[in-house]
Amino acid sequence: MMKEVSDDKQLGRLTLMHRNALRLLNLVNQLLDFRKSEVAGLHLTPAEGDIVAFVRHICASFLMLSEKKNIHLTFYSAVESLNMLFDEDKMGKVVMNLLSNAFKFTPEGGRVDVSMEVLKGEPDKLLLKVSDTGTGIKDEDKEHIFERFYQVDHPDPNLQSTGSGIGLSLVHDFVTLHEGTVQVLDNVGAGSVFLVTITMKQVVREGAVSESGRKKEAEKVFVESEIEQALDEENEALSDDMDDTTDGGDKEQPLVLVVDDSDDLVAFMKDSLSLYFRIQTASNGREAWRLIPDLQPDIIVSDVMMPEMDGNELCRWVKTDKRTENIPVILLTAKQAVEDKVESLTIGADDYVTKPFNVEVLILRMRKLIDLYGKRRQRLRIEPEPSRIVITTLDEQLVADAIKYVEANIGRSDLSVEELSRELGMSRVHLYKKLSQITGKTPIEFIRIIRLKRAAQLLRESQRNVSEIAYQLGFNNPKYFSKYFRDEFGVLPSVYQEREGK
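The working numbering puts the first residue of the sequence shown at 706, with every later residue one more than the last.
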């Protein structure tokens, strides 16, 4: 199907589906192997083959990933070829798991080395060594690294929860089936070394599976799925689409902040929502919180389980900060337990959507929340009045402080938005969005309306002429003052003074 599609957008969607289908296939295969080992035990299907060529072929399949991550990959064998009996499926999974982990935890510019040799003094033992210059493994983790569901506490939070804790357990089981051992050591300098030692069995023609019988399409799919998953975990496939800019060209569309550590889900959300919203993205709660106060999105859609700061914690920060408390938050999660939903809603989430979800339903929920909050802001909108203003909303302190500062400097023609934002302790962009939400006025309009309403008061109650009042209130040009006054009150200031003056 992918070969038949020419439209780039459709091809992108199919590629995304294909990559995730392969990832699921690999995970299902691991779970099936795990289940087999629990219920009926694992069994070898030995076949004659050149194990050196077999491992070399798997290493070659990682060359693309090696180039993408700028990691130097080497393969060395002390013997050119070595025919022996081994289970190609299980040994393939051993090598793939070790290489996938090595690339996952090795930074750009590092190296991964694979070597093979027959042990001196033990001619029936084959040593396979996979070493890397990655993050390494703590001594306390080495004791448990091959236990089922055990996951290493990595120093890089972005690498947390990226595995199932099954892979290395299966490596241990598959190596044991080959009458071998696997251990992990520290690499010289940095990183880790995995040593796999297996017993070489003599080729016995009777009962062994033929070479042609071993070449199954399933094995090809397995290799493809592992490589696709490893490539995907480096977040390279969609890098051209995953930038930090806001997507969507219509500035009138609501702005949604999508927060998720899965690039595939972010890409899916951007593709699905871009017709209706402008989209900004963040990969975890901490990154999102750095953006939110200044960005002031119309709505936040966040995953719950993320590194550094999860969705619940992000929601708590949003709902307890006066700058952001009026931004609706939808949490997306695979957790379907009632207590998880109660926890998120108690924190302040406006909606709780479980995965998998229907995009159309999600869009409807987003629109309803944006409309609801918009109507609420409209009802609570504050009309700036000098001195005697009565404020009844949660944003009263911000507006009161803004009015107080404008009135104290009302005669200064150089009073600027930058100065006002500094006085209020926020950026110009944040002040713009906050005042627009609360009062319906931009900061410039806010300053001007305070001046104009004070001007109306002076025109009613004093004997000064229009020009004197204009200069007194910071207008450099009486003509501009008259224009703004007429725009606000519908009449020229001189006419207003004649009608309303004492």
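C-beta: ideal position from N, C-alpha, C; glycine also. Predicted model, so just to flag it, every value in this text is computed and none were measured.
C-beta atoms of residue i and residue j nearer than 9 Å
{"i": "PRO1002", "j": "MET1131", "result": "no"}
{"i": "HIS877", "j": "PHE791", "result": "no"}
{"i": "VAL963", "j": "LEU978", "result": "yes"}
{"i": "VAL800", "j": "ILE763", "result": "yes"}
{"i": "ILE1154", "j": "ILE1075", "result": "no"}
{"i": "VAL971", "j": "SER988", "result": "yes"}
{"i": "MET789", "j": "LEU831", "result": "yes"}
{"i": "GLU813", "j": "LYS774", "result": "yes"}
{"i": "TYR981", "j": "ILE1032", "result": "no"}
Neighbourhood of residue i by C-beta, 6 Å cutoff - its chain only, sequence neighbours within 5 removed
{"i": "GLY839", "result": "PHE810, THR811 and GLY896"}
{"i": "ASN1181", "result": "SER1118"}
{"i": "ARG991", "result": "GLU1013 and MET1014"}
{"i": "ALA1054", "result": "CYS1020, VAL1034 and LEU1036"}
{"i": "LYS795", "result": "PHE879"}
{"i": "LEU749", "result": "ASP792 and LEU882"}
{"i": "GLU1065", "result": "none"}
Residue i - DSSP class collapsed to helix/strand/coil
{"i": "ALA987", "result": "strand"}
{"i": "SER1199", "result": "helix"}
{"i": "HIS777", "result": "strand"}
{"i": "ASP1192", "result": "helix"}
{"i": "ASP999", "result": "helix"}
{"i": "ILE1094", "result": "Confidence is the limiting factor: at ILE1094 the pLDDT is only 47, short of 50, which leaves the residue's position unreliable, though a coordinate-based value still follows. Here ILE1094 sits in coil by DSSP."}
{"i": "ASP968", "result": "helix"}
{"i": "THR1029", "result": "coil"}
{"i": "HIS1132", "result": "Checking the sequence, you will find Ser at residue 1132 rather than His. In this structure, SER1132 counts as coil in the three-state DSSP scheme."}
{"i": "SER1007", "result": "strand"}
{"i": "ASP976", "result": "helix"}
{"i": "PHE879", "result": "helix"}
{"i": "GLU753", "result": "strand"}
{"i": "PHE899", "result": "strand"}
{"i": "LEU1103", "result": "helix"}
{"i": "THR1281", "result": "Outside the shown range of the chain (706 to 1207) lies residue 1281, about which nothing can therefore be said."}
{"i": "TYR1057", "result": "strand"}
{"i": "SER1126", "result": "helix"}
{"i": "THR1038", "result": "strand"}
{"i": "ASP1045", "result": "helix"}
{"i": "LEU1074", "result": "helix"}
{"i": "LEU1050", "result": "helix"}
{"i": "SER1187", "result": "helix"}
Nonlocal neighbours in the same chain, by C-beta distance under 8 Å from residue i, ignoring five residues either side
{"i": "ARG816", "result": "ILE776, HIS777, LEU778, THR779, ASP837 and THR838"}
{"i": "SER967", "result": "ASP1008"}
{"i": "ASN892", "result": "SER836, ASP837, THR838, GLY841 and VAL898"}
{"i": "SER1172", "result": "PRO1183"}
{"i": "TYR1137", "result": "VAL1122, THR1147 and PRO1148"}
Close-in-space but distant-in-sequence residues of the same chain around residue i (CB under 7 Å, 5 per side omitted)
{"i": "SER1167", "result": "none"}
{"i": "VAL1134", "result": "ASP999"}
{"i": "ALA1175", "result": "PRO1183 and PHE1186"}
{"i": "GLU1124", "result": "none"}
{"i": "PHE1208", "result": "The structure shown does not extend to residue 1208, since the chain is modelled only from 706 through 1207, so no value can be given for it."}
{"i": "ARG1191", "result": "LEU1197"}
Residue i: CB within 8 Å of a non-hydrogen atom of the ligand ADP
{"i": "GLY839", "result": "The ligand ADP is absent from the structure shown, which contains no ligand whatsoever."}
* To do: Count the CB pairs spanning the region 828–838 and the region 896–907 that are closer than 8 Å, and state whether there are at least three.
  => Segments in contact, yes.
* To do: Inspect the CB distances between the region 1036–1052 and the region 1007–1020 and report whether three or more fall short of 8 Å.
  => Under the Cβ criterion (8 Å, minimum of three pairs), the region 1036–1052 counts as touching the region 1007–1020.
* To do: Output the residue ranges of the alpha helix (DSSP H) runs that lie fully inside the region 784–861 and measure 4 residues or longer, sorted by chain position.
  => Runs of the alpha helix (DSSP H) lying entirely within the region 784–861 and spanning at least 4 residues, in chain order: 793–809 and 844–847.
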